[in-house]
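Single-structure report; data block below.
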Amino acid sequence: IMGSIGLEYLDQKKQQLIYEAQTRGINILYSIDRNFQIFLEDHALYLSGLVNRYNKQYKLDILSPETLKRMRGEILTTARPESIQLYNESGQNLIEDSRRTIFSDYTINSQIALEILNSLGRTDDQKKEPSAMADKFGINIVSKKRDISFLTLGTHELYLFFEFLGVPENYQNLAMLQLFWRKEDLQRNFFEKFHAENLADYLTGGTHVIAYYPKDDLIFSNHPDKESLKSFCQNAYNNQIIRKPGLPLETGNYSAVALRGLNLDKLCLLYLMPLTRIESQLADLQMQMAGLAAIFLLLTYMMFSFLASQFIAPVAEIKNAIDSIDRRDFSYRLTIDSSREFKELAHTFNSTLETLKDLETARIVQENLFPARETDLGSLRLVASSQPFSRIGGDYYDFFSATDKALGVFIGDVSGHGISAALIMAMAKATMIHERLNFAGIDKLINAIDQTIFLNRKSGTREYMTGLFLTIDSDTGDCQLLNRGHCMPILIKRDGCSSEHVQSGGLPLGYNAPERNQMVTFRLNPGETLCLYTDGMAEVHGGNGTALGYEGLKQMLLECWSDQIDTYLQLLLQSHKNWAKKQDDDQTVILIKRNK
Numbered sequence: 118i119m120g121s122i123g124l125e126y127l128d129q130k131k132q133q134l135i136y137e138a139q140t141r142g143i144n145i146l147y148s149i150d151r152n153f154q155i156f157l158e159d160h161a162l163y164l165s166g167l168v169n170r171y172n173k174q175y176k177l178d179i180l181s182p183e184t185l186k187r188m189r190g191e192i193l194t195t196a197r198p199e200s201i202q203l204y205n206e207s208g209q210n211l212i213e214d215s216r217r218t219i220f221s222d223y224t225i226n227s228q229i230a231l232e233i234l235n236s237l238g239r240t241d242d243q244k245k246e247p248s249a250m251a252d253k254f255g256i257n258i259v260s261k262k263r264d265i266s267f268l269t270l271g272t273h274e275l276y277l278f279f280e281f282l283g284v285p286e287n288y289q290n291l292a293m294l295q296l297f298w299r300k301e302d303l304q305r306n307f308f309e310k311f312h313a314e315n316l317a318d319y320l321t322g323g324t325h326v327i328a329y330y331p332k333d334d335l336i337f338s339n340h341p342d343k344e345s346l347k348s349f350c351q352n353a354y355n356n357q358i359i360r361k362p363g364l365p366l367e368t369g370n371y372s373a374v375a376l377r378g379l380n381l382d383k384l385c386l387l388y389l390m391p392l393t394r395i396e397s398q399l400a401d402l403q404m405q406m407a408g409l410a411a412i413f414l415l416l417t418y419m420m421f422s423f424l425a426s427q428f429i430a431p432v433a434e435i436k437n438a439i440d441s442i443d444r445r446d447f448s449y450r451l452t453i454d455s456s457r458e459f460k461e462l463a464h465t466f467n468s469t470l471e472t473l474k475d476l477e478t479a480r481i482v483q484e485n486l487f488p489a490r491e492t493d494l495g496s497l498r499l500v501a502s503s504q505p506f507s508r509i510g511g512d513y514y515d516f517f518s519a520t521d522k523a524l525g526v527f528i529g530d531v532s533g534h535g536i537s538a539a540l541i542m543a544m545a546k547a548t549m550i551h552e553r554l555n556f557a558g559i560d561k562l563i564n565a566i567d568q569t570i571f572l573n574r575k576s577g578t579r580e581y582m583t584g585l586f587l588t589i590d591s592d593t594g595d596c597q598l599l600n601r602g603h604c605m606p607i608l609i610k611r612d613g614c615s616s617e618h619v620q621s622g623g624l625p626l627g628y629n630a631p632e633r634n635q636m637v638t639f640r641l642n643p644g645e646t647l648c649l650y651t652d653g654m655a656e657v658h659g660g661n662g663t664a665l666g667y668e669g670l671k672q673m674l675l676e677c678w679s680d681q682i683d684t685y686l687q688l689l690l691q692s693h694k695n696w697a698k699k700q701d702d703d704q705t706v707i708l709i710k711r712n713k
């Protein structure tokens, strides 16, 4: 029993250390992402100060060739734009854009500057004509001036900064300065510079912070196994954020976490930490436990030799206790009266049985928090299955009638395992019960769960929760879906001929980000089936050590297809069980079919 508890403790400790390392990695990656926005703001502030300095110094003489040449050189040296343009009131470009890396035709840029200068050239008492070209491209001279803002011109995704030369406060705007950077290039240059200045000397012990550039399919790293890193980063770029407790690479196993930036949205950032560091800590702990176990065994042997005549009855009692554990009868208690030593041992066994009984009670309570495993509403039929990784898990699903003809379904996955994950799951259930009594839409419900977990995290816990909520109209099949960092649903077409992911994503619950909600609408046609699942279904490993993956799960759904949804679920679960070598995580799957 002590060995079993010790192994379970070591496993839980390993998961805890991996989780803590990944949390540190997430904080580092989000810090890099936030620093890019600060970089843009500081860059814009510097450029505005530079232009204002020239305006104050030269006023209406600022357009002299010598002054423009000096200003152009200073801008190219410090800001390094990929295109620099300066248009006067006649639409003439006064600064040669010698690099010509972005634009082959400057007509649009010239027209935008001409219209804006014409509009700003009037006083407040004069009628101002609208700038049609600027409005068409979303260039707001009030809100975006002195900012480096995003702009789309044709196929180009760009960052734009603009300012006016002359004496703007007297409506004497002689020219409009325009600076352009390619979006992906500026983000890429920022990361590589930030990495060299802030991370290169900070990361030790084989830890890596890596960037993946999807457009060029390149990895910025000196790690030799770039192909495996590409595959992992591509998956994370499409799913917003992915954690991997064990990522096998050429140089060993790593704990990995990757995410798509909020500000660095053209990059995927990856944090790698070698598991050897965690295994070293566990080895030290294992040696301590082994020493304690050796001491305990020695004392046990000495006690057995000394009390052999009184040992048979206590051993029989202990055997009965072990048998009760095998039967999951945790109410059994030892009653040994032979000696003080055996009484203490009996007390230890009874305490252990009490703990196991509490865990069994927690498991039963958690099972009762789940709804029935099937339901029907109009043309819709839902069947579900949930299998925790340990006695109690962090997966959660629920469903209810949102209206007389609409079915509401929620599925979530709390980070981590064990009691803490189960408590977060119970809090989500309580919030769900409260909100659905006065159901006012899936956005209100998901925001309530988000706020509940956020307040819990604010109090000091680390757990967060991915979640997905949708409503389905049983008459029309119209679906509304909100995804907060959860696995994308899979839609299986009629007769199981093909399948596709329902594209959706967002920040996980617990980050207090209602503005990140992105409603997705689609239709579940007659005969089609929608599959909701947790990542434990896709990330399970087979006998050869390879992960099933999200594409593998899609293929398995096609291979197991059945017109009878109850049979469909059983075939899927059996096929998944046959494929998987072992269960590494909680596994939950829901199938929803709209009958013909």
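Following my numbering, the numbering of the sequence shown begins with 118 at its first residue and continues without gaps. We put the beta carbon where it would ideally sit given N, CA and C, even for glycine.
Whole angstroms are fine: how far does the CA of residue j sit from the CA of residue i?
{"i": "residue 375", "j": "residue 686", "result": "32 Å"}
{"i": "residue 224", "j": "residue 201", "result": "14 Å"}
{"i": "residue 264", "j": "residue 271", "result": "21 Å"}
{"i": "residue 99", "j": "residue 196", "result": "As shown, the chain starts at 118 and ends at 713. That puts residue 99 outside it, with no answer to give."}
{"i": "residue 601", "j": "residue 676", "result": "29 Å"}
{"i": "residue 595", "j": "residue 497", "result": "12 Å"}
{"i": "residue 324", "j": "residue 142", "result": "10 Å"}
{"i": "residue 579", "j": "residue 388", "result": "18 Å"}
{"i": "residue 245", "j": "residue 542", "result": "Any answer about residue 245 is weak, because its pLDDT of 48 lies below 50 and its placement is not dependable; what the coordinates show is given next. Each residue's Cα considered, the two are about 58 Å apart."}
{"i": "residue 226", "j": "residue 285", "result": "20 Å"}
{"i": "residue 588", "j": "residue 633", "result": "19 Å"}
{"i": "residue 495", "j": "residue 590", "result": "9 Å"}
{"i": "residue 190", "j": "residue 295", "result": "15 Å"}
{"i": "residue 331", "j": "residue 554", "result": "45 Å"}
{"i": "residue 276", "j": "residue 661", "result": "47 Å"}
{"i": "residue 507", "j": "residue 610", "result": "34 Å"}
{"i": "residue 173", "j": "residue 299", "result": "30 Å"}
{"i": "residue 228", "j": "residue 208", "result": "7 Å"}
{"i": "residue 336", "j": "residue 123", "result": "41 Å"}
{"i": "residue 678", "j": "residue 613", "result": "6 Å"}
For residue i, is the classification buried or exposed, using 16 other Cβ atoms within 10 angstroms of its Cβ as the cut-off for buried?
{"i": "residue 126", "result": "exposed"}
{"i": "residue 314", "result": "exposed"}
{"i": "residue 572", "result": "exposed"}
{"i": "residue 643", "result": "exposed"}
{"i": "residue 516", "result": "buried"}
{"i": "residue 153", "result": "buried"}
{"i": "residue 179", "result": "buried"}
{"i": "residue 525", "result": "buried"}
{"i": "residue 514", "result": "buried"}
{"i": "residue 341", "result": "exposed"}
{"i": "residue 567", "result": "buried"}
Ignore the nearest five residues each way along the sequence and tell me which others in residue i's own chain have a CB closer than 8 Å to its CB.
{"i": "residue 130", "result": "399 and 402"}
{"i": "residue 635", "result": "599, 600, 621, 622 and 623"}
{"i": "residue 655", "result": "604, 664, 665, 666, 667, 669 and 670"}
Against chain D, does residue i count as a neighbour if the rule is that its beta carbon must be under 8 Å from one of theirs?
{"i": "residue 213", "result": "Considering every chain present, this structure includes no chain D. It has just one protein chain."}
Quick check on the DSSP output: the beta strand (DSSP E) that includes residue i runs from which residue to which?
{"i": "residue 617", "result": "616-618"}
{"i": "residue 290", "result": "289-299"}
{"i": "residue 512", "result": "512-518"}
{"i": "residue 358", "result": "358-366"}
{"i": "residue 376", "result": "369-377"}
{"i": "residue 598", "result": "595-601"}
{"i": "residue 266", "result": "266-270"}
Is the Cβ-Cβ distance between residue i and residue j less than 8 Å?
{"i": "residue 317", "j": "residue 386", "result": "no"}
{"i": "residue 539", "j": "residue 509", "result": "yes"}
{"i": "residue 584", "j": "residue 649", "result": "no"}
{"i": "residue 674", "j": "residue 607", "result": "yes"}
{"i": "residue 512", "j": "residue 503", "result": "yes"}
{"i": "residue 487", "j": "residue 519", "result": "no"}
{"i": "residue 711", "j": "residue 641", "result": "yes"}
{"i": "residue 702", "j": "residue 653", "result": "yes"}
{"i": "residue 161", "j": "residue 278", "result": "yes"}
Could you please give the first and the last residue of the uninterrupted alpha helix (DSSP H) stretch that includes residue i?
{"i": "residue 163", "result": "119-175"}
{"i": "residue 504", "result": "Unbroken run through residue 504 is the beta strand (DSSP E), 497-504; no alpha helix (DSSP H)."}
{"i": "residue 280", "result": "Careful: residue 280 lies outside any alpha helix (DSSP H), inside the beta strand (DSSP E) at 273-284."}
Near residue i, which residues of its chain fall below 7 Å by C-beta distance, leaving aside the five closest residues on each side in sequence?
{"i": "residue 691", "result": "none"}
{"i": "residue 304", "result": "153, 381, 383 and 384"}
Under 6 Å Cβ to Cβ from residue i, same chain only, skipping five residues before and after it: list those, please.
{"i": "residue 592", "result": "522"}
{"i": "residue 379", "result": "150"}
{"i": "residue 133", "result": "none"}
{"i": "residue 301", "result": "332 and 383"}
{"i": "residue 274", "result": "300"}
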